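Report on one structure; see the data block that follows.
Protein chains: 2
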Amino acid sequence: MSPETSAVGAASGTRSLPHPDREDIRLAQVLHALADPMRLRIVCALAAAEDELNCADIELPVSKSTCTHHFRVLREHGVIQQIYRGTAKMNGLRRDDLDALFPGLIDGVLRAADLQARRLGEL
Amino acid sequence: MSPETSAVGAASGTRSLPHPDREDIRLAQVLHALADPMRLRIVCALAAAEDELNCADIELPVSKSTCTHHFRVLREHGVIQQIYRGTAKMNGLRRDDLDALFPGLIDGVLRAADLQARRLGEL
């Protein structure tokens, strides 16, 4: 974990959340984070967005608490970053880190998700 | 599931195991099957092998029953096929099915696993 924790963030007057450092991100954990239809949808939406997205910007057919859980799993496994900007928690894909560690992996997963959605008539 | 089941296999004098048909394989399930260090090792070994492998051909630091479990997860999620040949249960990667459904995905995962193993000094 990076030294940024909620506790430290609170003490310094900002609210930050713990993220794994790049060198601590592991393939099996990234795949686990991606291995859920809702989390795949979040990752596809973040990849398609040109900017950070608020959790509420991504429509998912699950409760708010389940949604929060999915974002946390993605953050804790190194797939996304979550940053408080004012009162909004903004989300972005950790593209640079993932592409550096596993070149082509995220692109392959995004392409696979797109192909499957088309095949199943979800797009 | 394909019509091949253990029961049908037993009835016809062979022993076959249930596998999902190609069109029933889902990305999230494939990623779940791959999201484990031991299962990643199995998949890498099968990809590197020129032929089917027996479970015992792949050395893993886990018990035999855990090993059997990992192979079953891979089979049930469409990543490998398991076929009895005599008394031996032989395993092979479902390359054709996975490459047809998700072009480049397995190659990306294998490359990522190899890069990570080199980075962590495991190779």
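Going line by line, the protein sequences match chains A and B.
When you line the first sequence up against our numbering, it's residues 1 to 123, in that order.
When you line the second sequence up against our numbering, it's residues 1001 to 1123, in that order.
Each residue gets a CB set at the ideal place from its N, CA and C atoms; glycine is no exception.
Since this is a predicted model, take the numbers as computed values, not measurements.
Kindly indicate which residue of the options has the alpha-carbon position closest to the one of residue i.
i, options, result
"Asp99/A", "His1069/B, Met1038/B, Gly1108/B", "Gly1108/B"
"Asp21/A", "Leu31/A, Cys44/A, His77/A, Ile58/A", "His77/A"
"Leu120/A", "Glu1023/B, Arg1015/B, His1019/B", "Glu1023/B"
"Ala48/A", "Cys67/A, Leu27/A, Ala33/A, Gly92/A", "Gly92/A"
"Leu1034/B", "Glu122/A, Gln116/A, Leu105/A", "Leu105/A"
"Ile1025/B", "Gln1116/B, Lys1089/B, Val1079/B, His1069/B", "Val1079/B"
"Ala1117/B", "Leu101/A, Glu122/A, His19/A", "Leu101/A"
"Lys89/A", "Arg95/A, Phe71/A, Leu123/A", "Phe71/A"
"Cys1115/B", "Leu31/A, Leu27/A, Glu50/A", "Correcting the residue type first, residue 1115/B is Leu in the shown sequence and not Cys. The shortest C-alpha separation from Leu1115/B is found at Leu27/A."
"Asp1036/B", "Arg1095/B, Val1062/B, His1019/B", "Val1062/B"
"Arg1015/B", "Thr1087/B, Glu1050/B, Ser1065/B", "Thr1087/B"
Give a yes or no on whether 8 Å exceeds the smallest Cβ distance from residue i to chain B.
i, result
"Ala28/A", "yes"
"Gly108/A", "yes"
"Gly78/A", "no"
"Ala102/A", "It should be noted that the sequence gives Phe, not Ala, for residue 102/A. Yes, contact with chain B."
"Leu93/A", "no"
"Arg75/A", "no"
"Gln116/A", "yes"
Taking 8 Å as the CB-CB cut-off, is residue i touching chain A?
i, result
"Thr1005/B", "Below a pLDDT of 50, predicted positions are generally treated as unreliable, and Thr1005/B, at 43, falls in that range; the measurement from the model is reported next regardless. No, its Cβ sits nowhere closer than 8 Å to a Cβ of chain A."
"Asp1036/B", "yes"
"Gly1121/B", "no"
"Leu1032/B", "The residue you asked about is not Leu; residue 1032/B is His in the sequence shown. Yes, because at least one Cβ of chain A sits closer than 8 Å to the Cβ of His1032/B."
"Ala1010/B", "Only weak support exists for where Ala1010/B lies, its pLDDT of 43 falling under 50; the value from the coordinates is given anyway. Not closer than 8 Å to any Cβ of chain A, the Cβ of Ala1010/B fails to qualify, so no."
"Arg1111/B", "yes"
"Leu1046/B", "no"
"Leu1017/B", "no"
What's the call for residue i, buried or exposed, on a 16-neighbour Cβ count within 10 Å?
i, result
"Asp97/A", "buried"
"Ala56/A", "exposed"
"Arg85/A", "exposed"
"Asn54/A", "exposed"
"Leu123/A", "exposed"
Who are the near neighbours of residue i in its chain, counting only those whose CB is closer than 7 Å to its CB and skipping five residues on each side?
i, result
"Cys44/A", "Leu110, Ala113"
"Ala60/A", "In the sequence as displayed, the identity of residue 60/A is Leu instead of Ala. These residues qualify, in order along the chain: Met38, Arg41, Cys67."
"Val73/A", "Ala33, Arg39"
"Leu46/A", "Leu53, Ile80, Asn91, Gly92, Leu93"
In the DSSP assignment, the alpha helix (DSSP H) including residue i goes from what residue to what residue?
i, result
"Arg1095/B", "1095–1101"
"Arg118/A", "105–119"
"Ile1042/B", "1037–1048"
"Arg85/A", "No alpha helix (DSSP H) holds Arg85/A; the beta strand (DSSP E) holding it covers 80–85."
"Cys1055/B", "Cys1055/B -> no alpha helix (DSSP H), and no H or E assigned at all."
"Leu1017/B", "Where Leu1017/B is concerned, there is no enclosing alpha helix (DSSP H), given that its DSSP letter is neither H nor E."
"Arg26/A", "From DSSP, Arg26/A is part of no alpha helix (DSSP H); its letter is neither H nor E."
"Val73/A", "64–76"
Output needed for residue i: all residues of its chain with C-beta closer than 6 Å, excluding positions within five of it in sequence on either side, in chain order.
i, result
"Leu1029/B", "Note that residue 1029/B is Gln in the sequence shown here, rather than Leu. So the qualifying residues of the chain are His1077."
"Ile58/A", "Ile42, Ala45"
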